[in-house]
Structure formats: C-alpha cells, structure tokens
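Residue numbering for the sequence shown follows the numbering used here, beginning at 66 and increasing consecutively.
Each residue gets a CB set at the ideal place from its N, CA and C atoms; glycine is no exception.
Working notes for the structure below.
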Amino acid sequence: MILYTCGTKTTGPGALHPCARAGNALDEAGYQYEIKTVEGYRMMPWTWKARNAGRKEVEELSGTKEVPILVLDDGEVISDSSAIAKWAKANPAPST
Ligand SMILES: N[C@@H](CCC(=O)N[C@@H](CS)C(=O)NCC(=O)O)C(=O)O
66 MILYTCGTKT TGPGALHPCA RAGNALDEAG YQYEIKTVEG YRMMPWTWKA RNAGRKEVEE
126 LSGTKEVPIL VLDDGEVISD SSAIAKWAKA NPAPST
C-alpha cells in the first residue's frame with residue numbers, strides 16, 4: 066500500500082497535520098507501507114507550478130490534489146485523513 070503525503074514530517078510525536086494523522090493511524094494498525102511525498106502547497110503561491118505537476122498522480126487517483134490519500138494493494142483509493150484513520154482502525158494489519 067502507498068500513502069501519498071505532503072513533504073512535512075508524517076509520523077511520530079508532534080506530527081499533527083492531516084498526513085501525520087493518517088501515518089500514525091496506519092502505524093498503530095501495524096501496517097508497513099510506502100510513502101510518496103508530493104510537491105507544493107495551496108497556501109504558497111510560489112509553489113503552485115510544482116504543486117500542479119507534483120500532485121497530478123494524486124488527482125488522477127482521487128480526483129483531488131489534497132493529500133493524504135491511501136492506495137491499497139487492490140487499487141482501492143481512500144482519501145482524507147479521517148477516512149484513512151477510520152479504515153486503519155477498522156482493518157488492523159493481520160498479525161504475522
Ligand atoms: N481534510 C483533509 C485536509 C487535507 C490537507 O489539508 N492536506 C494538506 C497537506 S497536510 C494539503 O494537501 N493541502 C492542499 C495543498 O496544500 O495543496 C484531511 O484531513 O485529509
């Protein structure tokens with residue numbers, strides 16, 4: 066599974082933004098996952114060129130430029146940190 070995030074620190078103490086909420090929820094559920102970070106931020110006009118290019122894949126997968134989005138191994142796409150946290154809580158990783 067792949068978690069698409071903004072470039073800011075995603076897991077661990079003090080990481081509170083939406084991407085971190087998703088990363089922490091997956092960690093708590095026991096998942097190993099790949100992280101793909103995207104460029105640019107809406108609030109930083111000087112990054113919009115990078116943002117448009119860097120978030121193309123996210124937009125193709127989810128219809129929005131916002132991260133986090135989670136792409137499961139079966140190709141299902143879950144958008145929004147709350148939805149990802151809810152999914153992780155409801156579907157803990159199978160214990161190996
Ligand atoms: N409601 C969304 C908010 C997501 C959000 O604001 N994500 C930031 C990164 S942490 C983002 O991609 N903002 C859009 C942008 O900067 O272009 C969620 O909780 O997932």
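Cβ-heavy atom distance, residue i to ligand 1, below 7 Å
i           : result
residue 106 : yes
residue 147 : yes
residue 130 : yes
residue 110 : no
residue 133 : yes
residue 157 : no
Any non-hydrogen atom of ligand 3 within 7 Å of residue i CB
i           : result
residue 151 : Ligand 3 is not among the ligands present in this structure, which contains only ligand 1.
Any C-beta of chain D under 8 Å from that of residue i
i           : result
residue 121 : Annotation note: the requested chain D is absent from the structure, which comprises a single protein chain.
Residue nearest to residue i in terms of C-alpha spacing, selected from the options
i           : options           : result
residue 156 : 90, 131, 125, 103 : 90
residue 130 : 139, 118, 141     : 118
Cβ-Cβ separation, residue j to residue i (assumed contact under 8 Å), whole Å
i           : j           : result
residue 103 : residue 120 : 5 Å
residue 158 : residue 95  : 4 Å
residue 70  : residue 142 : Their Cβ separation, rounded to whole angstroms, is 14 Å, which puts residue 70 and residue 142 out of contact at 8 Å.
Can you list, in chain order, the stretches of the beta strand (DSSP E) that have 3 or more residues and sit fully within the region 77–139?
-> 99–103, 134–136
Taking one C-beta from the region 133–152 and one from the region 81–99 each time, how about it: are there three or more such pairs within less than 8 Å?
-> yes
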